[in-house]
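Numbered by the UniProt record's numbering, the letters in the sequence shown go through residues 1 to 144 in order.
A quick write-up on the structure given underneath.
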Amino acid sequence: VFNRTQGDKLQLHCNVTYKVMECRLQSAFWCKYSSDNCAELTDINRYVTQVSELNKSTGNILTRLIHFEFKNLTLDDAGEYKCNANCDSGETGMGHFIRLFIRGKQLHSTFVHLASYECRDEALKQKSPVTCCSVIILLHTLLF
């Protein structure tokens, strides 16, 4: 589980080890999981993916390293992610799920305090505490 703030960068890493003679690895990638679907994340404006391979001493075993980075996290990035690998034989491998939570950015507490103070003043003028609550909830929805 990762807790991050909107605008942060985040790096995920995955190592896929496979036997060359049994699995000609077609693809290995990070994906966002939803409703039994895990589509590869390929938007170059939002993500950076680097792939490299290491050859073990036996020559028959390779390890593919997948380094994935969110350039600028958004609230839409919250969710579950996993690393997928597919062989040309049809066999697949999947890593553990990683759950990502995103917090919105907050304004300075003095601004929030001023906004709530003005709200209370306005509520007193109108004699309606409901107006104050609605405005504060709206501010929190917009800011957080």
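Yeah, the Cβ is synthetic: ideal placement off N, Cα and C, and Gly gets one too.
Assign residue 16 to one of two classes, buried (16 or more other C-beta atoms within 10 Å of its C-beta) or exposed (fewer than that).
Buried: at least 16 other Cβ atoms inside 10 Å.
Which same chain residues end up closer than 6 Å to residue 83 when comparing Cβ atoms and leaving out the 5 residues on each side of it in sequence?
14, 30 and 95
Can you name, in chain order, every residue of its own chain whose Cβ lies under 7 Å from the Cβ of residue 50, other than the five neighbours on each side?
67
Looking at residue 2 and residue 65, is the spacing between their C-beta atoms short of 8 Å?
Cβ distance not < 8 Å, so residue 65 and residue 2 don't count as in contact.
Tell me the residue span of the beta strand (DSSP E) that contains residue 44.
Counting along the chain, no beta strand (DSSP E) covers residue 44, and no H or E run does either.
For residue 54 and residue 42, which I take to be in contact (beta-carbon distance under 8 Å), what is that distance rounded to the nearest angstrom?
No, residue 54 and residue 42 are not in contact; Cβ-Cβ is about 24 Å, not under 8 Å.
For residue 70, count neighbouring C-beta atoms within 10 Å of its own C-beta (all shown protein chains included) and say buried if the count is 16 or more, exposed if not.
With 16 or more other Cβ atoms within 10 Å, it is buried.
When DSSP builds the beta bridges, which residues end up paired with residue 86?
27 and 92
With DSSP as the reference, identify every bridge partner of residue 39, one or two as the case may be.
32
What is the DSSP secondary structure of residue 73, counted as helix, strand or coil?
coil
Would you give the residue range spanned by the beta strand (DSSP E) that residue 2 belongs to?
2-5
Taking C-alpha atoms, which residue in 81, 88, 74 and 58 lies nearest to residue 7?
74
Quick check on residue 39: buried or exposed, where buried means 16 or more other Cβ atoms within 10 Å of its Cβ?
exposed
Report buried or exposed for residue 102, applying the criterion of at least 16 other Cβ atoms within 10 angstroms of its Cβ.
buried
Is residue 53 helix, strand or coil by DSSP?
strand
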